[in-house]
Amino acid sequence: ILDLTGLDLKLAEGFAPDATAHGFDHVGEALSLSPSQVEQYHNAAKSIVEQLKQSQASHSQRFAKVFGPKPETEAAEVAIARTAIERFATLAFRRPAAPTYIDRLMEIYAKARSQQLSHIDAFSHLLSAVLISPNFLMRIENDRSDASGPYPVDDYELATRLSFFL
Numbered sequence: 012i013l014d015l016t017g018l019d020l021k022l023a024e025g026f027a028p029d030a031t032a033h034g035f036d037h038v039g040e041a042l043s044l045s046p047s048q049v050e051q052y053h054n055a056a057k058s059i060v061e062q063l064k065q066s067q068a069s070h071s072q073r074f075a076k077v078f079g080p081k082p083e084t085e086a087a088e089v090a091i092a093r094t095a096i097e098r099f100a101t102l103a104f105r106r107p108a109a110p111t112y113i114d115r116l117m118e119i120y121a122k123a124r125s126q127q128l129s130h131i132d133a134f135s136h137l138l139s140a141v142l143i144s145p146n147f148l149m150r151i152e153n154d155r156s157d158a159s160g161p162y163p164v165d166d167y168e169l170a171t172r173l174s175f176f177l
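With the numbering used here applied, the sequence shown covers 12 to 177.
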């Protein structure tokens, strides 16, 4: 969160511990999210977004880094929202966000705007969605069910593996 937003909120300190299997908390079979953990992550995401929105008043770089530049027209709002959420999701997921995912987020944005929410409030829903996405919360790799032994990984999977190793 610090890298993504510049906020150092230490929200995870009150989270429930991860499940364990065979005495380890990083075993694949134990990695799951309970409903209470999902709620904790959602509450944390809402806190992060609220803190970011509060930084708007001071015209901080933190706000502009996440929400993008101030749009001048309604058409510019949509373009800025798309560019900003694509950038944010790409950073959060540590790989380019899938265009279909960005399209779905923009549908949420359009629906929120049709319900008379402001640009900032509508965009806030997108930020929350990214922050509770499994692509952000977990290390996700493509399923290689047909592989019987070692298999090549893409550049992003390799970088993720190296970062966790280091």
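C-beta: ideal position from N, C-alpha, C; glycine also.
Quick caveat, the model's predicted, so the values are computed rather than measured.
Buried versus exposed, by CB contacts within 10 Å (16 or more), residue i
{"i": "TYR120", "result": "buried"}
{"i": "LEU169", "result": "exposed"}
{"i": "LEU116", "result": "buried"}
{"i": "GLY79", "result": "buried"}
{"i": "THR16", "result": "buried"}
{"i": "VAL49", "result": "exposed"}
Among the options, the one whose alpha carbon lies nearest that of residue i
{"i": "ALA133", "options": "ALA92, SER58, PHE176 and ALA100", "result": "ALA92"}
{"i": "VAL77", "options": "LYS64, HIS53, LYS122 and ALA86", "result": "LYS64"}
{"i": "ALA55", "options": "PRO161, GLY160, ALA158 and LEU138", "result": "LEU138"}
First through last residue of the alpha helix (DSSP H) which encompasses residue i
{"i": "GLU88", "result": "85-104"}
{"i": "LYS21", "result": "Taken as a continuous stretch (DSSP letters only), LYS21 belongs to no alpha helix (DSSP H), as it is neither H nor E."}
{"i": "TYR52", "result": "46-65"}
{"i": "MET149", "result": "Segment: none, MET149 is in no alpha helix (DSSP H) and carries neither H nor E."}
Residue i versus residue j - alpha carbon distance
{"i": "ASP166", "j": "PRO107", "result": "11 Å"}
{"i": "PHE176", "j": "ARG150", "result": "12 Å"}
{"i": "GLU83", "j": "SER129", "result": "13 Å"}
{"i": "PRO110", "j": "SER69", "result": "33 Å"}
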